[in-house]
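Okay, structure first, notes after.
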Amino acid sequence: KFQEKLKNSQEYLKILEEKLLNVENRIRELVEEIEYYEEKLKNLKLKESDIKRHYSREGVEEKRREYSKVRKKVSEMERALNELENELNKRNYELEYLEKEIETKTKEKEYLTERVESLKKEIEELNTFKEKTLKEVRNAEAKVYDLIKQKEKLEEDILNLKSELGKLKMEEESLKKGLFEKEKNLNLIEEKIENLSEELGKYKDLDIKEVVESTAKLKENLKKVSEEIQKLGSINFRAVEDYEEELKRFNDYKEKQQKLKEESKAIKKLIEETENKKRKVFLEAFNKVNRSLKRIFSFLSPGGKAEMLLDNPEDPFSGGIQLTVKPRGKDVQYLEAMSGGEKTLAALSLIFALQEYKPSPFYYFDEVDAHLDEVNAKKVGELIREKSKEAQFIVVTLREVVASFADKIIGVSSRGGVSEVFFLKNEALEEIIKEA
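Under the numbering used here, think of the first position of the sequence shown as 10, with each following residue one higher.
Take a look at the structure:
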């Protein structure tokens, strides 16, 4: 934007320099013409003196006619000389104005050049900061993505471990139950063996036949007990160790999950703080601009009110902003329902309110008073005049009441079918308005 403005200023400065050169050339031509006409006037006056000297000696009527012709030529020459002097004065004024304008534009060009360099540095710094911020955001997003993936994997692993742990617990219970049953049966068998041994002791004095029969019976009982032991199956003595290992893995995964939850919570907190800060800055700017808007509109339209409203005050970024206006003696209206003049006053109020919050050094208005009546146009002129103390304003207008507030007026008129640019100061415009 500033580079474009600098380019425009340079082009305008070049045009002014060309105009200055043309004016200087024209002044030289006018000076030469004045010298020529002064010399001619001098000769005519000498001739007039000669005629007067010979007036009494030669033909009176003829000399009188000749004198009248000379006198007429002298008057014409004096009139032409006066016109040339007036034009010379005008050109001198234009020359003075152009020199001042060139000086102003040269200073403005120097300021803009410095400003452009300053802005280039600011832009470079902002771009560096932007790249750094984007890199940090991308890293944070990648980290969040990795954390989410890790969290999902851990949750899946935890579910699998819980399922496996459940199976192991069931297996452990089953093993404990089986072990208990086997120990119980083993105790019963040992008890039976002990009982049988006692019974065997009782039958020491029995004959061989009874012993054989008793032994056969014991073998049969022992066989039954062995079969019962076989039915119980083999015992997994590593079940408890496997359970402890799986429990340790489960606790490790649970600890990782907790750490991920804490990191996720910290990231969410950072995002929330950033959103709150963004919301706070936006609302501060919105409220300041809104206060300025109300004050400026009440100045431009006494008795009227203007206000900006948020579609969603709780969450400003999820909705838009509505501009409501209440002209004097009318109901509250939205922008779409207002007349051209009311829209102009509302728009200018918003522009000046934004200027107060974040000023710009330069403003250009193109016939913003086109839809305004005389009273409102005057109010706008007064406001622009007041604001011109803080910034430069260029206003294109066809209204004398607005132009009357300007320091300098650049006009365009047609003379002999050719457009001509003229420059006036405010005092000259006031004289023209009085004469009109």
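Backbone N, C-alpha and C define an ideal beta-carbon position, used for all residues, glycine too.
Please check if any C-beta of chain B sits within less than 9 angstroms of the C-beta of residue i.
| i | result |
| --- | --- |
| Lys129 | Although the question refers to chain B, the structure presented lacks it and comprises just one protein chain. |
On a Cα-Cα basis, can you pick out the residue from the options that is closest to residue i?
| i | options | result |
| --- | --- | --- |
| Leu97 | Lys297, Glu44, Thr115, Glu112 | Glu44 |
| Leu527 | Leu319, Val377, Gly425, Arg394 | Because residue 527 is not part of the residues shown, which for the chain are 10 to 445, the question remains open. |
| Lys352 | Lys367, Leu332, Tyr366 | Leu332 |
| Glu92 | Asn136, Val298, Val40, Thr137 | Val40 |
| Glu161 | Lys54, Leu269, Val421 | Leu269 |
| Asn260 | Ser273, Lys289, Glu42, Leu168 | Leu168 |
| Ala356 | Ile276, Glu399, Leu302, Lys367 | Leu302 |
| Phe291 | Ile330, Phe306, Ser423 | Ile330 |
| Ala315 | Gly328, Ser327, Val298 | Val298 |
| Leu288 | Gly328, Ser348, Asn95 | Reading off the sequence shown, one finds Arg at residue 288, where the question assumed Leu. Of Gly328, Ser348, Asn95, the residue nearest in Cα terms is Gly328. |
| Glu264 | Leu279, Lys398, Gln159 | Gln159 |
| Glu47 | Leu90, Phe138, Asn34, Lys78 | Leu90 |
| Lys152 | Gly350, Val421, Glu165, Glu272 | Glu272 |
| Asn296 | Met317, Lys367, Glu117 | Met317 |
Please report the distance separating the alpha-carbon of residue i from that of residue j.
| i | j | result |
| --- | --- | --- |
| Arg80 | Met86 | 10 angstroms |
| Lys396 | Lys114 | 21 angstroms |
| Tyr102 | Leu381 | 35 angstroms |
| Glu254 | Gly175 | 14 angstroms |
| Arg258 | Thr283 | 38 angstroms |
| Leu50 | Glu38 | 18 angstroms |
| Ile24 | Leu107 | 10 angstroms |
| Arg304 | Thr122 | 36 angstroms |
| Arg300 | Val404 | 26 angstroms |
| Leu433 | Glu140 | 51 angstroms |
| Glu293 | Ser127 | 28 angstroms |
| Glu27 | Asp416 | 24 angstroms |
| Ala346 | Glu365 | 27 angstroms |
| Leu30 | Phe431 | 16 angstroms |
| Ile419 | Glu133 | 39 angstroms |
| Asp155 | Asp375 | 56 angstroms |
| Leu8 | Lys129 | With the chain covering only 10 through 445, there is no way to say anything about residue 8. |
| Gly426 | Lys99 | 21 angstroms |
| Ser310 | Glu119 | 40 angstroms |
| Lys144 | Phe308 | 48 angstroms |
| Lys82 | Lys54 | 10 angstroms |
| Ile276 | Asn148 | 12 angstroms |
| Leu319 | Ala400 | 30 angstroms |
| Phe306 | Asn385 | 11 angstroms |
| Glu429 | Ile36 | 17 angstroms |
| Gln267 | Thr137 | 37 angstroms |
| Arg88 | Ser77 | 16 angstroms |
| Glu94 | Asn52 | 20 angstroms |
| Val421 | Glu33 | 21 angstroms |
| Ile157 | Glu117 | 56 angstroms |
| Lys278 | Lys367 | 31 angstroms |
| Ser423 | Ser348 | 34 angstroms |
| Ser172 | Ile280 | 36 angstroms |
| Lys274 | Glu165 | 20 angstroms |
| Glu42 | Phe402 | 40 angstroms |
| Gly312 | Glu110 | 42 angstroms |
| Leu354 | Glu112 | 36 angstroms |
| Arg394 | Gly350 | 20 angstroms |
What are the residues that DSSP puts in a beta bridge with residue i?
| i | result |
| --- | --- |
| Leu302 | Bridge partners of Leu302: none, in fact. |
| Arg424 | Val427 |
| Ile403 | Tyr373 |
3 or more residues per run - each beta strand (DSSP E) lying fully within the region 306-393: 314-319, 330-335, 371-375
At least three beta-carbon pairs within less than 8 angstroms, the region 370-379 to the region 315-327: no
Three-pair Cβ contact test at 8 angstroms for the region 271-290 versus the region 328-337: no
The region 381-391 in contact with the region 360-367 per 3-pair CB rule at 8 angstroms: no
Validate contact between the region 386-395 and the region 409-420 using beta carbons, cut 8 angstroms, 3 pairs: yes
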